[in-house]
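All residue numbers for the sequence shown refer to this note's numbering, where the first residue is 695 and numbers rise by one.
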Amino acid sequence: MTPRRRRTPFLFGVLLITLSIIWAVFVSRPTVLAIASPFDRLESALLDARYASFGPIAPSPDVVVVAIDDATLDEVRDRFPDNRLLLAGVIRQIAAAAPKVLGLDVLLADTGDPEIDRQLAAALSQTDAVIAAAGRFPDDLGAADPSRPGRVIRPQDGFLRVATSGLVNLSTDAGGTPRYLPILFRTSQGLEPAFALHIASKFNSASPTIETTNLALGSKMIPLDVGLNMPLRLAGPTGTIPTYSARDLLSGQIKEELAGKAVILGFTATAFGDRFPNPFDENVPGAEIIATAVSQILGAPSLRRDAVTRRVDAAAGIALAVLTTFLVIVLPLSVGIPLAVAGLAVWMGVVWYAFSIGIWLSGSIPLVCAIVTILTGASWRYFGERRSAARGAQALAALKQFQSPALAEMIANDPAFLKHPTEQRLSVFFVDLSSFTNLSEKLGPAGTQDLLKQFHQLTARTIEANGGIVLNFMGDGALAIFGMTTQASRGADDAMQAAFGLVQDIERLGPDLAQGQYVGCRIGLHHGDVILSRLGGDQHHQVSVAGDTVNLASRLLEITKEEGATIAATDAVLSIATHNAEPAPAFVKPVAVRGRESDALVHFWT
């Protein structure tokens, strides 16, 4: 292979690895910058799969939900025809139970009946209460900063005189599942804490300390993501946070369960209040999501996703892209692809395990980086190998035009074939046309060329059909060997069969090509040890066979002419053949061979 051809796969490999790095950077960049990514939906699906793998978690025992549900509205509508009047009654019962803080997940922004609003404000004054406010964002939520609402819908001033308020907004993914709680909101009134943080602060009677990466509340330390967003560790399906119906509370059945708790009060009845899907339930009341956030701040399991984990995600994506590309383009595909997939599976196992200990690593980044690079590298290898196979097939087809097909296959499968001379026991087969000089004189150059072409084709076809290998064509003759790929006895049988068939085939050439002249041949066969080797220079080789066996087989051509025979085979051939020669030889006799001291026992066919 030339230096340029050796360099081409290397350069393509470097190019693929470079492209895989660029791809990984493109995929991971939005995550590192904490901006929207085309793969956010995939990440949400993989995150939900992790939730499903590990199941619900135990919430903080300090948080409960009081729900104004369908049963409540059905039974107390006559007593409380106005929803704010109902709220006042429920809040008075909650206050009587002595909770530490009440979070009212209801917007009290509209002006109501003055007397009813007065009763509601009086009920709120009986406990330490936080009322929900809500930020309004532009219609293009994808471009909105969840901590910068365009405007804020606040409770009426009469309620704010007896309670505080906090923004209740959550950050959801494209499917509507809550993923983050913004801790602080930047409004026209400055920095305002979230509704859930307000409740937790009042419960602990402590002011929060907010840093770039952490929220500290008393002895609790909660990790924060970029932009002071708290990743939500969703607890479970509806009812995971202890939930009590306001109907039971109004009937006086619930008291002790609320004492000393952080109580979240909200509407859960059909057509009232917000509802969200989560990995465990398709319809979770907003009050329970808020309660989950409060529970997390108060000590329930949290979820860490921050600048550090995002950089780990990017590093893992780049490393997997490079590793999988390298494995696929360097190793055989049957090995490289399983190893690349195994490497991806190992990292995905790390991602799954990290979630079990509260660390949110990206599942989408390594998956997208690795799968794309595996497919790209495998496609490049596959089509490259197909092109190489096609070139190899073309080269082999060309080689078969100059070598026996069986010999060409051996050379193609093993370039080092016969690099060193090899001794082997074979049957050696020589054939030439009889009276060729006389024939060529009568046929002329063109006729002689046609005759030789037909003779060579018949010889190659007959010898190869019987398992032999033609090593060389020599004008009106040919040299072949049998037994190179079979047992010695089978080679002897094949050589005899080829000799009988070739004699008959060549005799048929006379009427068609020799202007009615008889066309015959002489064949010499001997079996014994030979030396197989390559002959030639560094850039051109020819497979050759040498030794006394070859010399004797060649001399038999002269002997057949002297004896008036067509085929001459030594006893060495007949003695190892497993089948008797058909037809039987015309005669058998020892003959003197020029250049040999001892006679050879030869079988002759005329």
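We treat Cβ as the ideally placed atom computed from N, Cα and C, and that holds for glycine.
- In this structure residue 898 is buried. Its beta-carbon is surrounded by 16 or more other beta-carbon atoms within 10 angstroms.
- Per the Cβ contact rule, the region 1167-1176 is in contact with the region 1125-1138 (3 or more Cβ pairs under 8 Å).
- Sequence-distant partners of residue 797 (beyond 5 residues in either direction) whose C-beta falls short of 6 Å from its own C-beta, in its chain, are 824, 893, 958.
- The Cβ atoms of residue 1238 and residue 1165 lie closer than 9 Å to each other.
- Here residue 1190 carries a helix assignment [DSSP, helix/strand/coil].
- One thing to note: residue 890 has its Cβ no nearer than 9 Å to the Cβ of residue 879.
- Note on residue 954: under 16 other CB atoms within 10 angstroms of its CB, so exposed under the neighbour-count rule.
- Listed in chain order, the beta strand (DSSP E) runs fully inside the region 954-1012 are 956-961, 969-972, 975-979, counting runs of at least 3 residues.
- For the set 1053, 1288, 1267, the Cα lying nearest the Cα of residue 1253 is the one of 1288.
- Three or more pairs of CB atoms, one per stretch, sit closer than 8 Å, so the region 803-816 contacts the region 842-850.
- Scanning its chain for C-beta atoms nearer than 6 Å, with the 5 sequence neighbours on each side dropped, one finds around residue 983 the residues 872, 970, in chain order.
- Relative to residue 818, the option among 1115, 793, 792, 782 whose CA is nearest is 782.
- Here residue 1185 carries a helix assignment [DSSP, helix/strand/coil].
- With fewer than 16 neighbouring CB atoms inside 10 Å of its own CB, residue 1077 falls in the exposed class.
- According to DSSP, residue 1123 shares a beta bridge with 1174, 1219.
- Rounded to the nearest angstrom, the Cβ distance from residue 922 to residue 991 is 13 Å, too far for a contact under 8 Å.
- Taking C-beta atoms as the reference points, residue 1075 and residue 1035 fail to come closer than 9 Å.
- In the assembly as shown, residue 930 is a buried residue. Its beta-carbon has 16 or more other beta-carbons within 10 Å.
- Residue 766 has no beta-bridge partner at all, per DSSP.
- DSSP places residue 859 in the uninterrupted beta strand (DSSP E) bounded by 858-861.
- As DSSP reads the structure, residue 830 sits in a beta bridge with 845.
- Judged by DSSP secondary structure, residue 735 falls within the alpha helix (DSSP H) whose first and last residues are 734-748.
- Here the region 1132-1145 makes no contact with the region 1251-1270; the two share fewer than three CB pairs at distances below 8 Å.
- Closest by C-alpha distance to residue 1247, out of 1275, 1216, 908, is 1216.
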